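Following: one structure in structure tokens, then a few remarks.
Chains as they are written, first to last, in the working numbering: chain A, 811 to 1186; chain B, 811 to 1186.
Encoded structure:
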């Protein structure tokens, strides 16, 4: 934990759980991406944490932005960033939202279907489109479904359809899966992208860009490779598959940009057992799945937790949230080791919570306020 | 769909998905519960839908209220209801929240552990406590974990601990699992409750109340027994296990009170395929798991969907939400049959959405606004 966050929490007024993000760490992360991939543009995935202070910092550092909606585009423009620094990366867009983005100056759009191409051709004439191809996401900790992207064999038809409808068939995008610990994932995806480039060249259309997506991990409980290792692996794969005709490239870090910059302070509300013989204690916090820890769904993301009793002997606990919803349990299949001396009322710190926490919070399920957020 | 909702939607201004709840149907549901179990008090589970108009209607009809937090207690008191009509039913409470509820006049609390009894003894001296016992939830569509309740064998110790600490050891509570279609579930749970009553009588403490919880279903795609059937089954089980010394009883319908009173109007944003050979279409809506349809988690709740093309030939579809999150998919393992003629831009109606939708919505994940809600 940074000294700045420690100081902030010491002086905080107010009750209930909160997340605190340290902008110094975000700045360091941005620099690490730029250094690791100097010829690649960084498009911050706004959905990871759209706090205005984070967006303004990244705007000042020169970052571009990956937006999921017109709402997010508005947040980015509010920092003063030019619309040319925005990619509308959601493959699922209402035609009137495409038109609104186009009016606002956005010219780069993601597609994965003929149907979406037609909407963009009508609502954003002449815009650049990247066709997203499916990746299997093997090695990623946050599940990647088939929701985004088309079969790579269909991508040339989608891009040719764009070209024939007056759009700029601009390139290929993919996503290797969030919290991706396997450096080889980009090699596999870049091979697919290069195949699409070749097929399009054969059809007389020269693609120019590869959007290599996000997936850069945050360190939770397990060690992950550092950003420089990702940079080397990705550059090697680019050279392997594109030779000396490297395309323009962009990356979209979200979790990798802000995940380790924030932590949540929470309180132990109850520690109890279900029967006199139970060996596993239940530890209930004042935060759970519905107020910021949604990524514990299926126990996918396993956050590091620090307590004021660290160093004491530990024992396995089920960890649950404060709502009257039986699915509001974070870790049960794989119980969490916590100090035996942990007590009701203790404040604990849940680390690496800068990404995918604030906006995942419900508006007020069970009458509990949304997660309080501070960016310092 | 009620004529009133149809009229409202025809005249609605404004873009984006919304839920509309018809108070006439809530009134009918309340009457059905009172008629089915005339000697049982109805405590509406506020968490299902805390809209002020719903709370005010139920206050006027004479309902009591089951609250999960001090926030919900405040919402109920705002209707003018007396605090004696409130049960603080969450077994996980901060001691300062118990103190606040006590200050506000609340005198009925749920517990499932010795530790929670001690908090209540300190912060709400003399209050009545109900000890919640574990049910296995077999037959329920929404999963019931071991999160709430203790082993029935431990309940007498919890209640005796309350008695020895100056509290009124008042009774037993249980929950048979949400969307419970098995009428026999209450028989099993009431047998457990009766055993606790006997053991406490043996210890010289006379319990007075059984909180029979919720679980009353809403009709989604499958038929469910009507409220009168539940009333008969529950009354028969009460007589079987308590004979002619029936305890005071309460029920806590949430889904059963408001589920069928509301529906969501949404829009088809995209219909596409992942490859030229795909037989299953992907249908993307402007609402998903993060903006109201959280209960589709693990495809648990399967909502009825009406489209303007109903009657046309159908084919299986994967149904997904609008966010850039790969888990924002409602039905994939079991695809959903929708008309082949369904088109981008069509408005569809998702029925039985009055419960567990509005407050489950995120504050703004992906830059999309929380679910709009209207109560008419």
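Virtual Cβ for every residue (Gly too), placed ideally from N, Cα, C.
Note that the structure is a prediction, hence the values are computed from the model and not measured.
Checklist entry - Does the beta-carbon of residue 865 of chain A have 16 or more other beta-carbons within 10 angstroms, so that it is buried, or is it exposed? => result With a 10 Å radius around the Cβ and a threshold of 16 neighbouring Cβ atoms, residue 865 of chain A comes out buried.
Next on the checklist: Below 7 Å on C-beta distance, what does residue 944 of chain A contact in chain B?
Outcome noted: Here the neighbours are 1084.
Next on the checklist: For residue 962 of chain A, which residues in the same chain have their Cβ closer than 8 Å to its Cβ, ignoring the five residues on either side in sequence?
Outcome noted: For residue 962 of chain A, where only same-chain residues beyond five positions count, the Cβ hits under 8 Å are 943, 944, 1002, 1005, 1006.
Checklist entry - Beta-carbon of residue 1140 of chain A versus every beta-carbon of chain B: anything under 8 Å? => result For residue 1140 of chain A, the answer is no, since every Cβ of chain B falls outside 8 Å of its Cβ.
Next on the checklist: Considering just the uninterrupted stretch of the alpha helix (DSSP H) at residue 876 of chain B, what are its terminal residues?
Outcome noted: Here residue 876 of chain B belongs to no alpha helix (DSSP H); instead the beta strand (DSSP E) covers 874-877.
Item to check | Element boundaries [alpha helix (DSSP H), containing residue 1039 of chain A] | outcome: 1037-1052 is the extent of the alpha helix (DSSP H) around residue 1039 of chain A.
Checklist entry - At a CB-CB cut-off below 9 Å, which residues of chain B make contact with residue 824 of chain A? => result Those do not exist, as residue 824 of chain A stays about 13 Å from chain B at its closest Cβ, beyond 9 Å.
Item to check | Nearest neighbour of residue 1072 of chain B, chosen from B/987, B/856, B/998, B/1160 [CA to CA] | outcome: Comparing Cα positions, the closest option is B/1160.
Next on the checklist: On the CB-based measure, 16 or more other CB atoms within 10 Å of its CB, does residue 906 of chain A come out buried or exposed?
Outcome noted: Looking at its Cβ environment, which holds fewer than 16 other Cβ atoms inside 10 Å, residue 906 of chain A is exposed.
Checklist entry - If the cut is a Cβ gap below 8 Å, which residues of chain A does residue 1170 of chain B touch? => result Result: 1100, 1172, 1175.
Next on the checklist: Quick check on residue 1022 of chain B - is its C-beta less than 8 Å from some C-beta in chain A?
Outcome noted: Not an interface residue.
Next on the checklist: Taking 8 Å as the threshold (beta carbon to beta carbon), is residue 923 of chain A in contact with chain B?
Outcome noted: Using a Cβ-Cβ cut-off of 8 Å, residue 923 of chain A counts as an interface residue toward chain B, since at least one Cβ of chain B sits closer than that to its own.
Checklist entry - By how many angstroms is the C-alpha of residue 873 of chain A removed from the C-alpha of residue 856 of chain B? => result Roughly 45 Å between the two C-alpha positions.
Next on the checklist: Closer than 9 Å between beta carbons: that is the criterion. Which residues of the segment 856-883 of chain A meet it against chain B?
Outcome noted: The residues in question are 856, 857, 860, 876, 877, 878, 879, 880, 881, 882, 883.
Checklist entry - CB-CB under 7 Å to residue 966 of chain B, same chain, minus the five flanking residues each way: which ones, in chain order? => result Excluding sequence positions up to five before and after residue 966 of chain B, its CB lies within less than 7 Å of the CB of 1006, 1009, 1010, 1013, all in the same chain and listed in chain order.
Checklist entry - Between the C-alpha atoms of residue 841 of chain B and residue 911 of chain B, what's the straight-line distance to the nearest angstrom? => result Going by the C-alpha atoms only, they are around 29 Å apart.
Next on the checklist: Within the continuous alpha helix (DSSP H) that includes residue 887 of chain A, where are the two ends?
Outcome noted: For residue 887 of chain A, the enclosing alpha helix (DSSP H) stretches over residues 880-887.
Next on the checklist: Beta-carbon within less than 6 Å of residue 1044 of chain B's beta-carbon, same chain only, minus the 5 sequence neighbours each way: which residues are those?
Outcome noted: For residue 1044 of chain B, where only same-chain residues beyond five positions count, the Cβ hits under 6 Å are 996.
Next on the checklist: Under 8 Å: do the segment 1140-1151 of chain A and the segment 1109-1124 of chain A share three or more Cβ pairs, one atom per stretch?
Outcome noted: Verdict: yes, contact present.
Checklist entry - Any idea which residues DSSP pairs residue 1019 of chain B with across the strands? => result In the DSSP output, where bridge partners are listed per residue, residue 1019 of chain B has B/981, B/1058.
Checklist entry - Helix, strand or coil: which one does DSSP assign to residue 850 of chain B? => result The answer is strand: DSSP assigns residue 850 of chain B an E or B state.
Checklist entry - Relative to the alpha-carbon of residue 1111 of chain A, which residue among A/1087, A/1038, A/1134, A/1141 has its alpha-carbon at the smallest distance? => result Cα-wise, what sits closest to residue 1111 of chain A is A/1141.
Checklist entry - Between residue 1120 of chain A and the ligand ATP, is the CB less than 7 Å from at least one heavy atom? => result As far as ligands go, the structure on display features none, and thus does not contain the ligand ATP.
Next on the checklist: Using the three-state DSSP reduction, which class does residue 935 of chain A fall into: helix, strand or coil?
Outcome noted: Of the three classes helix, strand and coil, the one that applies to residue 935 of chain A here is coil, per DSSP.
Checklist entry - Using a Cβ-Cβ distance under 8 Å, would residue 926 of chain B count as near chain A? => result Contact of residue 926 of chain B with chain A is assigned, a C-beta pair being separated by under 8 Å.
Item to check | Cutoff 8 Å: residue 1010 of chain A Cβ touching any chain B Cβ | outcome: Chain B places no beta carbon closer than 8 Å to that of residue 1010 of chain A, leaving this residue out of the contacts.
Checklist entry - Which of the residues in the segment 1027-1059 of chain B, read from start to end, lie with their CB under 8 Å from any CB of chain A? => result The segment 1027-1059 of chain B vs chain A, Cβ under 8 Å: nothing.
Checklist entry - residue 1126 of chain A and residue 1185 of chain A look like a contact to me (Cβ under 8 Å); what is the Cβ gap, rounded to whole Å? => result The beta-carbon separation of residue 1126 of chain A and residue 1185 of chain A, rounded to 35 Å, does not stay under the 8 Å limit for a contact.
Checklist entry - Given a threshold of 16 other Cβ atoms within 10 Å of its Cβ, counted over all protein chains shown, does residue 990 of chain B qualify as buried or as exposed? => result With 16 or more other Cβ atoms within 10 Å, it is buried.
Item to check | Per-residue DSSP class, three states only, for residue 926 of chain B | outcome: In the structure shown, residue 926 of chain B sits in a helix (DSSP, three-state: H, G or I).
Next on the checklist: Taking the beta carbon of residue 1085 of chain B as the centre, do at least 16 other beta carbons fall within 10 Å, making it buried, or is it exposed?
Outcome noted: Flag for residue 1085 of chain B reads exposed.
Checklist entry - Closest to residue 977 of chain B by CA distance: which of B/926, B/985, B/983, B/1020 is it? => result Scanning B/926, B/985, B/983, B/1020 for the CA closest to the CA of residue 977 of chain B turns up B/926.
Checklist entry - residue 932 of chain A versus chain B: which residues are under 8 Å apart at the beta carbon? => result Within 8 Å Cβ-Cβ: nothing; residue 932 of chain A doesn't reach chain B, min ~12 Å.
Checklist entry - For residue 888 of chain B, is the classification buried or exposed, using 16 other Cβ atoms within 10 angstroms of its Cβ as the cut-off for buried? => result Exposed is the call here.
Checklist entry - Can you tell me the Cα-Cα spacing of residue 1022 of chain B and residue 1058 of chain B, whole angstroms? => result One C-alpha to the other measures close to 10 Å.
Checklist entry - At which residues does the beta strand (DSSP E) containing residue 1125 of chain B begin and terminate? => result Residues 1124-1130.
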